[in-house]
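Peer 1: The working numbering puts the sequence shown at residues 2 to 249. For glycine and all other residues, C-beta sits at the position ideal for the given N, C-alpha and C.
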Amino acid sequence: MDASHLATDPTSKWTSPNFDDRSLPISMLVLHYTGMQSATHALERLCDPLAKVSAHYVIDEQGEVFALVPEDRRAWHAGLSCWQDVTDINSASIGIEIVNGGHDFGLPGFPEAQMLALIELCSAILARHKIAPQNIVGHNEIAPGRKIDPGERFAWAQLAGAGIGLWPGEPNGQRQSCPEPSASKVAGSLLTEIGYETALADFSTSAPNAPLSEFQRRYRPSLIDGLLDHETLDLIKRLHRQVFAPKP
Numbered sequence: 002m003d004a005s006h007l008a009t010d011p012t013s014k015w016t017s018p019n020f021d022d023r024s025l026p027i028s029m030l031v032l033h034y035t036g037m038q039s040a041t042h043a044l045e046r047l048c049d050p051l052a053k054v055s056a057h058y059v060i061d062e063q064g065e066v067f068a069l070v071p072e073d074r075r076a077w078h079a080g081l082s083c084w085q086d087v088t089d090i091n092s093a094s095i096g097i098e099i100v101n102g103g104h105d106f107g108l109p110g111f112p113e114a115q116m117l118a119l120i121e122l123c124s125a126i127l128a129r130h131k132i133a134p135q136n137i138v139g140h141n142e143i144a145p146g147r148k149i150d151p152g153e154r155f156a157w158a159q160l161a162g163a164g165i166g167l168w169p170g171e172p173n174g175q176r177q178s179c180p181e182p183s184a185s186k187v188a189g190s191l192l193t194e195i196g197y198e199t200a201l202a203d204f205s206t207s208a209p210n211a212p213l214s215e216f217q218r219r220y221r222p223s224l225i226d227g228l229l230d231h232e233t234l235d236l237i238k239r240l241h242r243q244v245f246a247p248k249p
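So, in structure tokens, the structure goes:
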């Protein structure tokens, strides 16, 4: 899938008018699910000037890629969000909408043809732009408490295996709680350094918090409770080591 194939065709039925100028260089890749019943429904909305939403790309269940907004333009996909203290995520990112009914429609799986097309598209984007692996994120991670897509069934490990994003490995099975204040402090600090917005999250209580939930949704989808346990803390530490490992 070369860049010419992915370039927005101005004669295409599915060119979105919903974009403006960037104010930041591209440094992020944000993945979403559409959360709608069909690709047609999603494309119609993303190309509707009244909807005021868009993405650079849409990938349907069969793996067909639709280029709606040129990469050098600011698509409107992130909404109120933050990552590594950047709050204008739309200016800093390329957004990909993956056609999937989402939680409202039973959270179906992501077909292999769709995942392979996503890997090919992401690889092409990464060849054109300098995007660090930790800045390949889900909508849920940049808007914890507000968004939960692309959801817990999304195959992040498969992407990481193709060199797209990070994966700290499988959970260690140690799900005992971490009530110690020092553990909560470490978890909050490491998540902040990775990129999560934690300012409004209270890591000092036993109540669930949104950044932990969305970390778990990506890296430990088998249990998403927003609570700090030894397994979650171990995954946070492993991911942090990957993010800050010395570059060769």
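1. If we count the other Cβ atoms within 10 Å of its Cβ and call it buried at 16 or more, is THR9 buried or exposed?
2. Taking the alpha-carbon of ASP203 as reference, which of SER190, GLU194 and GLU98 has the nearest alpha-carbon?
3. At which residues does the beta strand (DSSP E) containing VAL138 begin and terminate?
4. Below 9 Å between beta carbons: does that hold for PHE111 and PHE155?
5. I believe ALA211 touches GLY139 by the beta-carbon criterion, under 8 Å. Please report the beta-carbon distance rounded to the nearest angstrom.
6. Using DSSP with H/G/I as helix, E/B as strand and the rest coil, what is LEU32?
7. Three or more C-beta pairs under 8 Å: does that hold for the region 29-37 against the region 75-95?
8. Name the two residues that bound the continuous alpha helix (DSSP H) containing ARG319.
9. What distance in whole Å lies between the Cβ atoms of LEU228 and SER178, which are believed to be in contact at a cut-off of 8 Å?
10. Using CA atoms only, rank isn't needed, just tell me which of ILE120, SER214, ALA128 and ALA56 is closest to SER94.
11. By the three-class DSSP mapping on this structure, what secondary structure does ILE225 have?
12. Could you pull out every residue in the same chain whose Cβ sits closer than 7 Å to the Cβ of LEU236, ignoring the five residues on either side in sequence?
13. Specify the secondary structure class of VAL66 as computed by DSSP and reduced to three states.
14. Taking the C-alpha atoms as reference points, what is the distance between LEU117 and PRO151?
15. What are the boundary residues of the alpha helix (DSSP H) that includes GLU121?
Peer 2: Put simply:
1. Any reading at THR9 needs caution, since the residue's pLDDT is 39, under 50, leaving its predicted position unreliable; the model's value is listed next. THR9 counts as buried, since at least 16 other C-beta atoms from the protein chains shown sit within 10 angstroms of its C-beta.
2. The residue from SER190, GLU194 and GLU98 with its alpha-carbon nearest to that of ASP203 is SER190.
3. 137-139 is the extent of the beta strand (DSSP E) around VAL138.
4. Closer than 9 Å, so yes.
5. Approximately 13 Å separates the beta-carbon atoms of ALA211 and GLY139; this is outside 8 Å, ruling out the contact.
6. Correct three-state label for LEU32: strand.
7. Proximity of the region 29-37 to the region 75-95 meets the contact definition, three or more beta-carbon pairs being nearer than 8 Å.
8. The chain is shown only over 2 to 249; residue 319 falls outside these bounds and no answer can be derived.
9. Indeed, because the Cβ distance is near 7 Å, the residues count as touching under 8 Å.
10. Of ILE120, SER214, ALA128 and ALA56, the residue nearest in Cα terms is ALA56.
11. Reduced to three states, the DSSP call for ILE225 is coil.
12. In chain order, PRO169, PRO172, TYR220 and ARG221 place their CB closer than 7 Å to the CB of LEU236, counting only its own chain and leaving out the 5 sequence neighbours on each side.
13. Strand.
14. Looking at the two C-alpha atoms, the distance is approximately 16 Å.
15. GLU121 -> alpha helix (DSSP H) spans 113-129.
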